[in-house]
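Student: Residue numbers (the UniProt record's numbering): 1 to 389. We treat Cβ as the ideally placed atom computed from N, Cα and C, and that holds for glycine. On a predicted model such as this, the values are computed, not experimentally measured, just so you know.
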């Protein structure tokens with residue numbers, strides 16, 4: 001059969017590769033971003049109850065109304081945003097589908113999409129499948145005077161031209177762990193005001209922000225929200241990554257276009273989980289307490305790594321932490337991640353995997369990404385193994 005691949009440069013993702021290697025080696029997997037513990041038993045009981053009550057058939061295409069109402073109420077309470085739950089909130093098959101549906105809805109052949117590097121690996125293939133052209137703007141990497149990655153908003157502005165359709169954002173940021181500040185929102189307001197650019201904001205880690213900071217959602221600024229699709233994930237918030245349920249909020253005209261794609265991409269998502277989440281969201285304590293829950297795990301891993309030859313970088317949000325390994329090895333990041341899994345039984349993700357050209361020297365900064373969404377015993381055993389590296 002003769003055919004031309006639509007994604008000729010895409011193979012198996014680094015997350016699958018490293019997780020498979022970890023399984024083969026019986027290594028501790030601090031690579032792929034999922035918890036090794038169950039969600040709240042009360043949430044599981046709510047799913048069982050929903051099934052017993054008969055919620056086992058197709059729910060409405062955009063999601064059950066009760067869940068969309070809870071999402072809209074939360075956005076208003078936390079960010080002051082006013083989304084109509086009937087016309088401006090859509091429940092999706094994870095944040096992944098929300099991203100794919102949005103890009104398919106708005107990016108046409110030849111449209112440019114500005115992406116800030118490093119970036120989650122979904123972004124470029126999604127743009128290319130839509131016929132779009134990614135325009136990559138690199139962050140400034142950590143150095144001796146700046147321990148975290150930084151966005152140069154002037155470079156972002158300079159990348160926007162007549163063919164630009166969309167700017168993709170991701171804060172709290174995977175993989176770097178940096179968060180948005182008021183100053184960043186000011187810069188974005190200026191960019192949107194001057195260019196009219198559409199924003200696609202991946203806020204899957206919105207409830208995981210540390211050290212007393214708050215999440216600066218795009219939804220906080222009316223001028224930004226008017227041009228934006230804001231996406232989040234129940235998987236990250238409630239430790240249910242395998243349920244693959246997320247959502248997007250956007251003005252009615254944007255939502256209408258996203259739903260056109262959503263209805264043919266998956267139509268809808270599991271009914272009993274939606275009913276359970278609608279009930280569970282009525283209590284805000286689980287998501288309001290999530291930052292403290294993960295900050296304790298961040299601090300545990302950070303302190304543990306600091307006692308080894310790794311040099312942990314600050315993590316402002318997400319459940320990821322970056323660490324330098326140059327005191328251990330001068331291998332490129334992908335080779336180091338493989339070596340660490342094989343020789344010391346701990347799997348991590350090379351930060352270079354989040355670059356357009358992972359093998360290029362400018363994509364390798366001697367950094368590995370660690371996931372701390374793990375039981376304390378898992379983290380402690382990993383730290384003990386890493387101490388021998």
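Would you check if there are 3 or more beta carbon pairs closer than 8 Å linking the segment 78-91 to the segment 297-309?
Tutor: no
Student: Determine the DSSP secondary structure at residue 39, reduced to helix, strand or coil.
Tutor: Your numbering for residue 39 matches position 39 in the chain shown. The answer is coil: DSSP assigns residue 39 none of H, G, I, E or B.
Student: Taking residue 35 and residue 374 to be in contact with their CB atoms under 8 Å, please state how far apart those CB atoms are, rounded to whole angstroms.
Tutor: Indexing the chain shown from 1 puts residue 35 at position 35. Indexing the chain shown from 1 puts residue 374 at position 374. The pair is a contact, with the Cβ atoms about 7 Å apart (cut-off 8 Å).
Student: Can you tell me the Cα-Cα spacing of residue 181 and residue 45, whole angstroms?
Tutor: Here residue 181 refers to the residue found at position 181 when the chain shown is read from its first residue. Here residue 45 refers to the residue found at position 45 when the chain shown is read from its first residue. Cα to Cα, the separation comes out at about 38 Å.
Student: Whole angstroms are fine: how far does the CA of residue 16 sit from the CA of residue 209?
Tutor: Against the chain shown, residue 209 aligns to sequence position 209. Against the chain shown, residue 16 aligns to sequence position 16. Looking at the two C-alpha atoms, the distance is approximately 27 Å.
Student: If you measure between the beta carbons of residue 345 and residue 28, is that distance less than 9 Å?
Tutor: Within the chain shown, the letter at position 345 stands for residue 345. Within the chain shown, the letter at position 28 stands for residue 28. Contact: yes.
Student: Hey, which unbroken runs of the alpha helix (DSSP H) at 4 residues or more fall wholly within the segment 316-388?
Tutor: 333-344 and 376-386
Student: Hey, which unbroken runs of the beta strand (DSSP E) at 3 residues or more fall wholly within the segment 28-79?
Tutor: As for any beta strand (DSSP E) of minimum length 3 sitting wholly inside the segment 28-79, there is none.
Student: Decide if the segment 312-319 is in contact with the segment 165-185; the criterion is three or more beta carbon pairs, one per stretch, under 8 Å apart.
Tutor: The segment 312-319 and the segment 165-185 touch, with no fewer than 3 CB-CB distances between them shorter than 8 Å.
Student: Cα-Cα, which of 327, 364, 305 and 347 is closest to residue 333?
Tutor: Translated into the one-based positions of the chain shown, residue 333 becomes position 333. Closest option to residue 333, Cα to Cα, is 364.
Student: Can you name, in chain order, every residue of its own chain whose Cβ lies under 8 Å from the Cβ of residue 216, other than the five neighbours on each side?
Tutor: Looking up residue 216 in the chain shown gives position 216. Cβ within range, chain order: 171, 179, 180, 181, 182, 184 and 185.
Student: Grab me the residues of residue 225's own chain with a C-beta within less than 7 Å of its C-beta, minus the 5 sequence neighbours each way, in chain order.
Tutor: Along the chain shown, one-based indexing puts residue 225 at 225. Around residue 225: 81, 218 and 219.
Student: By Cβ distance below 6 Å, which residues in the same chain neighbour residue 353 in space, the five residues on each side in sequence not counted?
Tutor: Translated into the one-based positions of the chain shown, residue 353 becomes position 353. Taken in chain order, the residues that qualify are 14.
Student: Within the continuous alpha helix (DSSP H) that includes residue 247, where are the two ends?
Tutor: For the purposes of this step, residue 247 is taken as the residue at position 247 of the chain shown. Residue 247 -> not in any alpha helix (DSSP H); beta strand (DSSP E) instead, spanning 246-249.
Student: Measuring CA to CA, which of 151, 213, 65 and 105 is closest to residue 253?
Tutor: Locating residue 253 in the chain shown gives position 253, counting from the first residue. Considering only alpha carbons, the answer is 105.
Student: Could you give the first and the last residue of the continuous alpha helix (DSSP H) run that contains residue 100?
Tutor: In the chain shown, the residue the question calls residue 100 occupies position 100. Run containing residue 100: 94-106, per the alpha helix (DSSP H) assignment.
Student: Taking 6 Å as the limit between beta carbons, can you name the residues of its chain near residue 33, skipping five residues before and five after?
Tutor: Counting from one through the chain shown, the residue named residue 33 turns up at place 33. 371.
Student: Determine the extent of the beta strand (DSSP E) in which residue 164 is found, giving its start and end residues.
Tutor: As a first step, residue 164 must be located in the chain shown, where it is residue number 164. 164-170 is the span of the beta strand (DSSP E), which, as asked, contains residue 164.
Student: Compute the beta-carbon to beta-carbon distance between residue 131 and residue 109, rounded to the nearest angstrom, for a pair I have assumed lies under 8 Å.
Tutor: What you label residue 131 is simply residue 131 of the chain shown in a count that begins at 1. What you label residue 109 is simply residue 109 of the chain shown in a count that begins at 1. Yes, residue 131 and residue 109 are in contact; Cβ-Cβ is about 3 Å, under 8 Å.
Student: Could you check which residue in 289, 278 and 322 has the C-alpha nearest to that of residue 303?
Tutor: As a first step, residue 303 is located in the chain shown; it is residue number 303 there, counting from the start. Comparing Cα positions, the closest option is 322.
Student: Which partner residues does residue 228 have in the DSSP bridge list?
Tutor: Stepping through the chain shown from its first residue, residue 228 is reached at position 228. Bridge partners of residue 228: 199.
Student: For residue 109, list the residues DSSP reports as bridge partners.
Tutor: Here residue 109 refers to the residue found at position 109 when the chain shown is read from its first residue. Residue 109 pairs with nothing; no bridge assigned.
Student: Assign residue 282 to buried or exposed, taking buried as 16 or more other Cβ atoms, counted over all protein chains shown, within 10 Å of its Cβ.
Tutor: Indexing the chain shown from 1 puts residue 282 at position 282. Result: exposed.
Student: Could you check which residue in 383, 362 and 91 has the C-alpha nearest to that of residue 142?
Tutor: In the chain shown, residue 142 corresponds to position 142, counting from 1. Taking only the C-alpha atoms, the option nearest residue 142 is 362.
Student: Do the CB positions of residue 11 and residue 19 come within less than 9 Å of each other?
Tutor: By one-based count along the chain shown, residue 11 stands at place 11. By one-based count along the chain shown, residue 19 stands at place 19. No, these two residues do not count as a Cβ contact at 9 Å.
Student: Apart from the five residues on each side of it in sequence, which residues of its chain come closer than 7 Å, Cβ to Cβ, to residue 123?
Tutor: Stepping through the chain shown from its first residue, residue 123 is reached at position 123. 115 and 168, listed in sequence order.
Student: What residue range is occupied by the uninterrupted beta strand (DSSP E) comprising residue 136?
Tutor: In the chain shown, residue 136 corresponds to position 136, counting from 1. First-last of the beta strand (DSSP E) with residue 136: 133-138.
Student: By a C-beta neighbour count over all protein chains shown, 10 Å radius and 16 as the cutoff for buried, is residue 196 buried or exposed?
Tutor: Against the chain shown, residue 196 aligns to sequence position 196. For residue 196, the number of other beta carbons within 10 angstroms of its own is below 16, and it is reported as exposed.
Student: Considering only heavy atoms of the ligand GDP, does any lie closer than 8 Å to the CB of residue 144?
Tutor: With respect to small molecules bound, the structure shown includes none, and the ligand GDP cannot be examined in it.
Student: Along the chain, where does the alpha helix (DSSP H) that runs through residue 219 open and close?
Tutor: For the purposes of this step, residue 219 is taken as residue 219 along the chain shown, with counting starting at 1. Run containing residue 219: none; DSSP gives neither H nor E here.
Student: Under 9 Å, do residue 266 and residue 248 count as touching if we go by C-beta distance?
Tutor: Sequence index remark: in the chain shown, residue 266 carries index 266 (1-based). Sequence index remark: in the chain shown, residue 248 carries index 248 (1-based). For residue 266 and residue 248, no; Cβs fall outside 9 Å.
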